[in-house]
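Number 532 in our numbering belongs to position 172 of the sequence shown; there are no gaps in the numbering.
Think of the CB as a built atom: it goes at the ideal place given N, C-alpha and C, for glycine as much as any other residue.
What follows is a short report on a single structure.
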Amino acid sequence: MPVNKIVGSAAAAVADIADGAGLAVGGFGLCGIPTVLIEALADAGTTDLDVTSNNCGTDGRGLGILLERRRIRRITASYIGENKEFARQYLAGEVEVELTPQGTLAERLRAGGCGIPAFYTPAGVGTVIADGGMPLRYGPEGEVLVSSPPKETRRFTTEGVERDYVLEHGLPTDFALVRAARGDRYGNLAFHSSARNFNPLAAMAGRVTIAEVEELVEPGELGPDEVHLPGIYVHRVVVLTSEQAAAKDIEKLTVREVTA
């Protein structure tokens, strides 16, 4: 792996993401999303993508750009969110969707990055998550074409209490796209506050991980306790311009009157 992981442009960084690739994408709503890399992938025309992300951006922003251009074949996410086009395509049978509890999704990504094939969790026991029957793909008339299969469950005793647990599989992906506040040429990354969210987990899951960074620092400037994701997980770094770094959308803006 090269010591200098900086790539000259976002277009070059995503150029080898092929049609049909599996893609983990960091972010939560519009917070901490790799906007520039997503736009470069959209411009490249890559299609038939199998995307794993907490949600799918919003209409026309974030992963919503790929969704509106019909580039996504399947999505593993924890919720539909504010994206009306996401809901429309799902209900119209234009995209396959696997809804997964948010904590389970996070652990599936982490497990995929750590080489853990599967794990047991109590989340989803007694629901369609474990029992099967969740609609994955609808037909044009609203009929269910593909449903989730039942999952293996086992009973374990923890702290003297017997509980049922469902088996969930790790989720490695071909590529991962993430955004960091600061990074160095070795690929060590630091995230800002809540923008950390799913970014480290998505980065771990990708066999090839591409990070866009708002600020490039010299190796050693990030102290050991400041590194949220070590460079061993990162393969390519794209340094954003000041304009790109500052261009951040707000999903929901709430304001109040200031009284004297």
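Next on the checklist: Which of the three DSSP states is assigned to S507 in this structure?
Outcome noted: In the structure shown, S507 sits in a strand (DSSP, three-state: E or B).
Item to check | Cα-Cα separation, E501 to T517 | outcome: Spanning the alpha carbons of E501 and T517 requires a straight line of approximately 45 Å.
Item to check | Contact under 8 Å by Cβ, P509 with G492 | outcome: In this structure, G492 lies closer than 8 Å to P509 by Cβ.
Checklist entry - Leaving out five residues before and five after G566 in sequence, what residues of the same chain have Cβ atoms less than 6 Å from its Cβ? => result Closer than 6 Å at the Cβ level, and outside the excluded window around G566, lie A384, T533, F535 and A536.
Item to check | When G389, L505 and A370 are compared against I398, the one with the closest alpha-carbon | outcome: Ranked by Cα distance from I398, the first of G389, L505 and A370 is A370.
Next on the checklist: In whole angstroms, give me the CA-to-CA distance for A571 and V504.
Outcome noted: Roughly 37 Å separates the two Cα atoms.
Item to check | Contact test: V411 Cβ vs the ligand SAM heavy atom, cutoff 7 Å | outcome: You won't find the ligand SAM in this model; it holds no ligand whatsoever.
Item to check | Exposure label - K365; buried when at least 16 CB within 10 Å | outcome: K365 should be labelled buried.
Checklist entry - In three-state DSSP terms, what is D585? => result Three-state DSSP puts D585 in a helix.
Checklist entry - Which residues does DSSP pair with I432 in a beta bridge? => result According to DSSP, I432 shares a beta bridge with L409.
Checklist entry - Looking at T464 and A452, is the spacing between their C-beta atoms short of 8 Å? => result Going by beta carbons, A452 and T464 fall outside the 8 Å limit.
Checklist entry - Whole-angstrom Cβ separation of H595 and V568, contact assumed at under 8 Å? => result That belief holds up - the Cβ atoms of H595 and V568 are roughly 5 Å apart, short of 8 Å.
Item to check | For C416, the three-state DSSP class (helix, strand or coil) | outcome: C416 carries a coil assignment under DSSP once its states are collapsed to helix, strand and coil.
Checklist entry - For E528 versus A478, is the C-beta spacing smaller than 8 Å? => result Taking the C-beta atoms as reference points, A478 is found nearer than 8 Å to E528.
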